[in-house]
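See below for the structure under consideration.
There are 2 protein chains.
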Amino acid sequence: MNIYLDHVATNPLHPEVLEAMMPYFREHYGNPLSLYEPGMKAREAIETARAATASLINAKPKEIVFTASGAESNNFAVKGIAYANQNKGKHVIVSKIEHHSVLNTARFLEKQGFAVTYLPVDKYGTVNPADIEKAITKETILISVIHASPEIGTIQPIEEIGRIARQKGVIFHTDAVASVGNIPVDVQSLNADLVSFTAHQFYGPKGAAALYVKEGVRIVPLVYGGIQEGGRRAGTENVPAIVGMGRAAELAKRDLKKRVDHVRALRDKIIDCALKIDKALLTGHPEKRLPGHASFVVEYIEGEAMLLLLAAKGIYSASGSACSSKALKASPVLISIGIPAHVAQGSVVFTLGETITEDDITYFTEIFPAVISRLREISPYAKGWEGTEGPTCTAQK
Amino acid sequence: MNIYLDHVATNPLHPEVLEAMMPYFREHYGNPLSLYEPGMKAREAIETARAATASLINAKPKEIVFTASGAESNNFAVKGIAYANQNKGKHVIVSKIEHHSVLNTARFLEKQGFAVTYLPVDKYGTVNPADIEKAITKETILISVIHASPEIGTIQPIEEIGRIARQKGVIFHTDAVASVGNIPVDVQSLNADLVSFTAHQFYGPKGAAALYVKEGVRIVPLVYGGIQEGGRRAGTENVPAIVGMGRAAELAKRDLKKRVDHVRALRDKIIDCALKIDKALLTGHPEKRLPGHASFVVEYIEGEAMLLLLAAKGIYSASGSACSSKALKASPVLISIGIPAHVAQGSVVFTLGETITEDDITYFTEIFPAVISRLREISPYAKGWEGTEGPTCTAQK
Numbered sequence: 038m039n040i041y042l043d044h045v046a047t048n049p050l051h052p053e054v055l056e057a058m059m060p061y062f063r064e065h066y067g068n069p070l071s072l073y074e075p076g077m078k079a080r081e082a083i084e085t086a087r088a089a090t091a092s093l094i095n096a097k098p099k100e101i102v103f104t105a106s107g108a109e110s111n112n113f114a115v116k117g118i119a120y121a122n123q124n125k126g127k128h129v130i131v132s133k134i135e136h137h138s139v140l141n142t143a144r145f146l147e148k149q150g151f152a153v154t155y156l157p158v159d160k161y162g163t164v165n166p167a168d169i170e171k172a173i174t175k176e177t178i179l180i181s182v183i184h185a186s187p188e189i190g191t192i193q194p195i196e197e198i199g200r201i202a203r204q205k206g207v208i209f210h211t212d213a214v215a216s217v218g219n220i221p222v223d224v225q226s227l228n229a230d231l232v233s234f235t236a237h238q239f240y241g242p243k244g245a246a247a248l249y250v251k252e253g254v255r256i257v258p259l260v261y262g263g264i265q266e267g268g269r270r271a272g273t274e275n276v277p278a279i280v281g282m283g284r285a286a287e288l289a290k291r292d293l294k295k296r297v298d299h300v301r302a303l304r305d306k307i308i309d310c311a312l313k314i315d316k317a318l319l320t321g322h323p324e325k326r327l328p329g330h331a332s333f334v335v336e337y338i339e340g341e342a343m344l345l346l347l348a349a350k351g352i353y354s355a356s357g358s359a360c361s362s363k364a365l366k367a368s369p370v371l372i373s374i375g376i377p378a379h380v381a382q383g384s385v386v387f388t389l390g391e392t393i394t395e396d397d398i399t400y401f402t403e404i405f406p407a408v409i410s411r412l413r414e415i416s417p418y419a420k421g422w423e424g425t426e427g428p429t430c431t432a433q434k
Numbered sequence: 038m039n040i041y042l043d044h045v046a047t048n049p050l051h052p053e054v055l056e057a058m059m060p061y062f063r064e065h066y067g068n069p070l071s072l073y074e075p076g077m078k079a080r081e082a083i084e085t086a087r088a089a090t091a092s093l094i095n096a097k098p099k100e101i102v103f104t105a106s107g108a109e110s111n112n113f114a115v116k117g118i119a120y121a122n123q124n125k126g127k128h129v130i131v132s133k134i135e136h137h138s139v140l141n142t143a144r145f146l147e148k149q150g151f152a153v154t155y156l157p158v159d160k161y162g163t164v165n166p167a168d169i170e171k172a173i174t175k176e177t178i179l180i181s182v183i184h185a186s187p188e189i190g191t192i193q194p195i196e197e198i199g200r201i202a203r204q205k206g207v208i209f210h211t212d213a214v215a216s217v218g219n220i221p222v223d224v225q226s227l228n229a230d231l232v233s234f235t236a237h238q239f240y241g242p243k244g245a246a247a248l249y250v251k252e253g254v255r256i257v258p259l260v261y262g263g264i265q266e267g268g269r270r271a272g273t274e275n276v277p278a279i280v281g282m283g284r285a286a287e288l289a290k291r292d293l294k295k296r297v298d299h300v301r302a303l304r305d306k307i308i309d310c311a312l313k314i315d316k317a318l319l320t321g322h323p324e325k326r327l328p329g330h331a332s333f334v335v336e337y338i339e340g341e342a343m344l345l346l347l348a349a350k351g352i353y354s355a356s357g358s359a360c361s362s363k364a365l366k367a368s369p370v371l372i373s374i375g376i377p378a379h380v381a382q383g384s385v386v387f388t389l390g391e392t393i394t395e396d397d398i399t400y401f402t403e404i405f406p407a408v409i410s411r412l413r414e415i416s417p418y419a420k421g422w423e424g425t426e427g428p429t430c431t432a433q434k
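If you're matching them up, the sequences are chains A and B in order. 38 is the number of the first residue of the first sequence in my numbering; add one for each residue after it. 38 is the number of the first residue of the second sequence in my numbering; add one for each residue after it.
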């Protein structure tokens, strides 16, 4: 039995998405900028995909710039706004729990003479909007706060942060890579000027992502060159992937409520199970979190060993964001919510998708507590541990 | 009859390449950074593709950084080297016939306080290596010269430019997007430190490209974030596209000689035909040019009309690089080789691929002169023209 519980890392491609992409691999290979029939077919397909992608987040088609990844969208947003506005001021505000693609871009900007404020979060990983308001100066040109954390699932009060940014006349970007396609995201009610999101988070292909750029917001390109994407992002368009993103956006819009209800019910069973384990703690906000997201720290457990033992039982999970899984450091996100470094080692994240079944979760509730028991028996980390007997979830069912 | 003669804009996907990609759409969807089986399969596939891609240009696998487009590779190279070396100096040298993705990046750097020298070219579009030598100052940190022009086909004396750069201790980048996979490219003999290339130029997928970064050359990322690509380019890897690039590289390496011979023979027939037309001029170098590349300016002809009429006859061609086709300006490349602006309007580029046949070219030689005659009859551009009677190619065969 194999159960993929790492949907926040990436998702399988929806079969209907692949089907939509295939003609653009096989027949309509023309360059969308060319003037003849095969190119025009590709161009039309891109514009159809743009409309569908825009519709998913309640944007206008021309406000969508296609990119190749959520990371590219984040780099584009943060650098692009910084360079477009450096004559107005050189101060940027981000939260401490941004994705590396925002944090490391902010650090790059610091080297280029920008000042960056890194805002703290509370124990649930939530940014306090009042802190944002206090951090804004006359020099502030950009605020960037992640919509939902891939590591701890917490959803930020983006509407309120956006409202403050608007009042103060500061451009506001949110990294919505983990949320768009998984919960309703409406750029109008978020009060956001820029929103990053990526297709493979909602059963679309890898290699297609987008940055929403509100009409009238000026941005400097990250990738200069030809006139693709209205001159905002050069490079021959990855037509099949863009078509796939459009189709995935249509499916996400159509199925969103069903998907949310499905994963939330199963997610709650995972949380119920895990919280019966001694010294296991839910990370992130208990309610304001992604519906398919369950994240924990389990004391006296080494996270990598836990992942490997779970994987040996066919349960695929992560210790944090995919980008940091291999970095072998305590997650800065967990540290920022006050988890001690030695406890942060025992981090595990389970994220669900639409093909996960009740049976899968029943199996999970048998395996997970047993894996924890086993690890505590053998692990040097567990020496200080004098907890209960082996925990179970299924017994108490 | 449809004849695609715009292979420099993009190429159809090779069926074997698509076949290699399919399992990574259907089964092996895991995130390559994850620690479990589905992710590891994806990671292994990327490393196999990296080795094949490196082998095509005689590089080491670790010298290959995958990107999403040739434009991204060029932006990454030029900005990445500039930022990595700005403490040593802030002077960059490029040629006037670089692709927009280099030229516009150079202009961006000028706004950030860098100085850029734009080197002229001769009537064939060739950079004089002696000019490079003269332009180098103590502040020079980067030279970027395109390997082969997509607009006029000219191949630059890259080996010699590279030798000068090495002697002077200046990092050297070449945009080899139009050449890699179409002619032999060996990064060792080119004396290049960085080489941009893209898969869809050699029957690979759109959305996969690479930057060769010579071992030991330090570069600042364009896309910050996770630890993908050795920390040099973040973002969840586009696994199917990368796999496709690897397979396309294998095929290109295997078939290169055959492909070169095939397109050169047919290309020469196109040139023979076109040069029989009065006031038609071959642009670019007559010998040192891409084997599948034939480019002309035809006086008293408006290029867009020519493309549209050719397309109506099933012949798909371009007026210049795909990125400038829609820009409706006289090509800066043609201006830089001394073509007057009004003549540059009559630009047309035919580029061949491995599936083009003798019959296709026979058809071409019937249609092309007839299209020119027709346009000169009806076009206001042709008012000043008092040339010969309608040209033919087939009659003289």
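C-beta atoms are modelled at their ideal positions from N, C-alpha and C, and glycine is treated no differently.
Is the CB-CB distance between Val-182(B) and Asp-212(B) below 9 Å?
Here the question's residue 182(B) lines up with position 145 in the second sequence. Here the question's residue 212(B) lines up with position 175 in the second sequence. Yes; because the gap between Cβ atoms is below 9 Å, this pair is in contact.
Judging by CA-CA distance, which residue of Ile-83(B), Tyr-249(B), Leu-259(B), Tyr-66(B) is the nearest neighbour of Arg-270(B)?
Against the second sequence, residue 270(B) aligns to sequence position 233. Among Ile-83(B), Tyr-249(B), Leu-259(B), Tyr-66(B), the Cα nearest to that of Arg-270(B) is on Leu-259(B).
Residue range of the alpha helix (DSSP H) that Ala-88(B) falls in?
Mapped onto the second sequence, residue 88(B) falls at position 51. Per DSSP, Ala-88(B) belongs to the alpha helix (DSSP H) from 74 to 93.
Hey, is Asp-43(A)'s beta-carbon within less than 9 Å of any beta-carbon in chain B?
As a working note, residue 43(A) is residue 6 in the first sequence. Yes, Asp-43(A) lies at the interface with chain B (some Cβ there is under 9 Å from its Cβ).
Any C-beta of chain B under 9 Å from that of Lys-243(A)
As a position in the first sequence, residue 243(A) is number 206, starting the count at 1. Yes, because at least one Cβ of chain B sits closer than 9 Å to the Cβ of Lys-243(A).
Name the chain A residues whose beta carbon is nearer than 9 Å to that of Gly-262(B)?
Residue numbering aside, residue 262(B) sits at position 225 when the second sequence is read from its first letter. Ser-106, Gly-107, Ala-108, Glu-109, Asn-111, Asn-112, His-136, His-137, Ser-138, Val-139, Leu-140, Asn-141, Thr-142, Cys-360, listed in chain order.
Given 8 Å as the limit, is there contact between the region 178 to 196 of chain A and the region 127 to 147 of chain A, that is, 3 or more CB pairs closer than that?
yes
Any C-beta of chain B sitting closer than 9 Å to the C-beta of Asn-219(A)?
For the purposes of this step, residue 219(A) is identified with residue 182 of the first sequence, where counting begins at 1. False, the Cβ-Cβ gap to chain B never drops below 9 Å.
Any chance you could list the beta strand (DSSP E) runs of at least 3 consecutive residues sitting entirely within the region 269 to 315 of chain A, in chain order?
none
Those runs of the alpha helix (DSSP H) which lie wholly inside the region 135 to 192 of chain B and span at least 4 residues:
137 to 148, 166 to 172
Using a C-beta to C-beta distance shorter than 8 Å, which residues of chain A count as neighbours of Gly-253(B)?
Position 216 of the second sequence, counted from the first residue, corresponds to residue 253(B). Going along chain A, no residue has its Cβ under 8 Å from Gly-253(B), so there is no contact; the nearest lies around 22 Å.
Assess contact between the region 98 to 111 of chain B and the region 270 to 288 of chain A, defined as three or more Cβ pairs (one per stretch) separated by less than 8 Å. Is contact present?
yes
Anything in chain A within Cβ reach of Val-300(B), meaning under 8 Å, just list it in chain order.
The residue given as residue 300(B) occupies position 263 in the second sequence. Neighbours of Val-300(B) on chain A: none; closest Cβ ~18 Å, over 8 Å.
Mind reading off the beta-carbon distance from Ser-354(B) to Glu-188(B)? Whole number of angstroms is fine, and I expect it under 8 Å.
Translated into the one-based positions of the second sequence, residue 354(B) becomes position 317. Translated into the one-based positions of the second sequence, residue 188(B) becomes position 151. In this structure Ser-354(B) is not in contact with Glu-188(B), their Cβ atoms being roughly 12 Å apart against a cut-off of 8 Å.
How far does the beta strand (DSSP E) with Tyr-249(A) in it reach, from first residue to last?
One-based indexing of the first sequence puts residue 249(A) at position 212. Unbroken beta strand (DSSP E) run through Tyr-249(A): 246 to 250.
Run the proximity test for Asp-305(B): is its beta-carbon closer than 8 Å to any non-hydrogen atom belonging to the ligand NAD?
The model on display carries no ligand, and the ligand NAD is accordingly not part of it.
What is the rounded straight-line gap between the Cα of Leu-70(B) and the Cα of Asp-43(A)?
The count along the second sequence starts at 1 and reaches residue 70(B) at position 33. The count along the first sequence starts at 1 and reaches residue 43(A) at position 6. So the two alpha carbons sit approximately 12 Å from each other.
Val-380(B): first and last residue of the uninterrupted alpha helix (DSSP H) it sits in
The residue given as residue 380(B) occupies position 343 in the second sequence. Here the alpha helix (DSSP H) through Val-380(B) covers 378 to 381.
Span separating the alpha-carbon of Gly-357(A) from that of Leu-288(A):
One-based indexing of the first sequence puts residue 357(A) at position 320. One-based indexing of the first sequence puts residue 288(A) at position 251. Their Cα atoms are separated by approximately 27 Å.
Leaving out five residues on either side along the sequence, give the residues of the same chain with a beta carbon under 8 Å from the beta carbon of Lys-434(B).
Along the second sequence, one-based indexing puts residue 434(B) at 397. Residue placement at Lys-434(B) cannot be trusted, given a pLDDT of 36 that sits under 50; what the coordinates show is reported in the next sentence. Cβ neighbours of Lys-434(B) beyond the five flanking positions: Thr-402.
Give the residues of chain E in contact with Phe-62(B), contact being defined as C-beta atoms less than 7 Å apart.
Absent from the structure is chain E; the protein chains it does hold are A and B.
What are the boundary residues of the beta strand (DSSP E) that Asp-212(A) is part of?
The residue you call residue 212(A) lines up with position 175 of the first sequence. That run of the beta strand (DSSP E) goes 208 to 212.
Whole-angstrom Cβ separation of Ser-92(B) and Lys-295(B), contact assumed at under 8 Å?
Locating residue 92(B) in the second sequence gives position 55, counting from the first residue. Locating residue 295(B) in the second sequence gives position 258, counting from the first residue. Not a contact, Cβ separation roughly 18 Å.
Cα-Cα separation, Gly-281(A) to Pro-157(B):
For the purposes of this step, residue 281(A) is taken as the residue at position 244 of the first sequence. For the purposes of this step, residue 157(B) is taken as the residue at position 120 of the second sequence. Their Cα atoms are separated by approximately 43 Å.
If you run the structure through DSSP and keep just helix, strand and coil, what is Ile-393(B)?
What you label residue 393(B) is simply residue 356 of the second sequence in a count that begins at 1. Ile-393(B) falls in the coil class under three-state DSSP.
Where do the ends of the beta strand (DSSP E) carrying Ile-101(B) lie?
Within the second sequence, residue 101(B) is the residue found at index 64, counting from 1. It spans 101 to 104 - the beta strand (DSSP E) in which Ile-101(B) sits, taken as one unbroken run.
Below 8 Å on the Cβ atoms is my guess for Ile-220(B) versus Val-297(B); work out the distance and round it to an integer in Å.
The residue given as residue 220(B) occupies position 183 in the second sequence. The residue given as residue 297(B) occupies position 260 in the second sequence. About 6 Å separates the two Cβ atoms, so the contact holds.
Using the beta-carbon count (16 or more within 10 Å), is Ser-216(B) buried or exposed?
Within the second sequence, residue 216(B) is the residue found at index 179, counting from 1. Flag for Ser-216(B) reads buried.
Does any residue of chain A have a CB that is nearer than 9 Å to the CB of Glu-274(B)?
The residue labelled residue 274(B) in the question sits at position 237 within the second sequence. True, the Cβ-Cβ gap to chain A drops below 9 Å.
Where does the unbroken beta strand (DSSP E) through Ala-46(A) begin, and where does it stop?
Within the first sequence, numbered from 1, the residue matching residue 46(A) stands at position 9. Neither: Ala-46(A) is in no beta strand (DSSP E) and is coded neither H nor E.
Apply the 10 Å Cβ neighbour rule to Ala-349(A) and answer buried if 16 or more other Cβ atoms are within range, or exposed otherwise.
By one-based count along the first sequence, residue 349(A) stands at place 312. Taking all protein chains shown into account, Ala-349(A) has fewer than 16 neighbouring C-beta atoms within 10 Å of its C-beta and is therefore exposed.
Leaving aside the five residues before and after Ile-264(A) along the sequence, list all residues of the same chain whose C-beta is less than 7 Å from its C-beta, in chain order.
Residue 264(A) sits at position 227 when you count from the first residue of the first sequence. The answer is none, since no qualifying residue turns up.
Helix, strand or coil for Leu-319(A) per DSSP?
Numbered from 1 along the first sequence, position 282 holds the residue referred to as residue 319(A). The three-state secondary structure of Leu-319(A), taken from DSSP, is strand.
Quick one: measure Cβ to Cβ for Val-102(B) and Glu-266(B), integer angstroms, because I've assumed they're closer than 8 Å.
Working through the second sequence from its first residue, we reach residue 102(B) at position 65. Working through the second sequence from its first residue, we reach residue 266(B) at position 229. Yes, Val-102(B) and Glu-266(B) are in contact; Cβ-Cβ is about 5 Å, under 8 Å.
For Gln-193(A), count the other beta carbons within 10 Å of its own beta carbon; 16 or more makes it buried, fewer makes it exposed. Which is it?
If you number the first sequence from 1, residue 193(A) lands on position 156. The residue is buried, with at least 16 neighbouring Cβ atoms inside 10 Å.
For Phe-145(A) and chain B, any beta-carbon pair shorter than 9 Å?
Counted from its first residue, the first sequence places residue 145(A) at position 108. With 9 Å as the cut-off, Phe-145(A) counts as an interface residue toward chain B.
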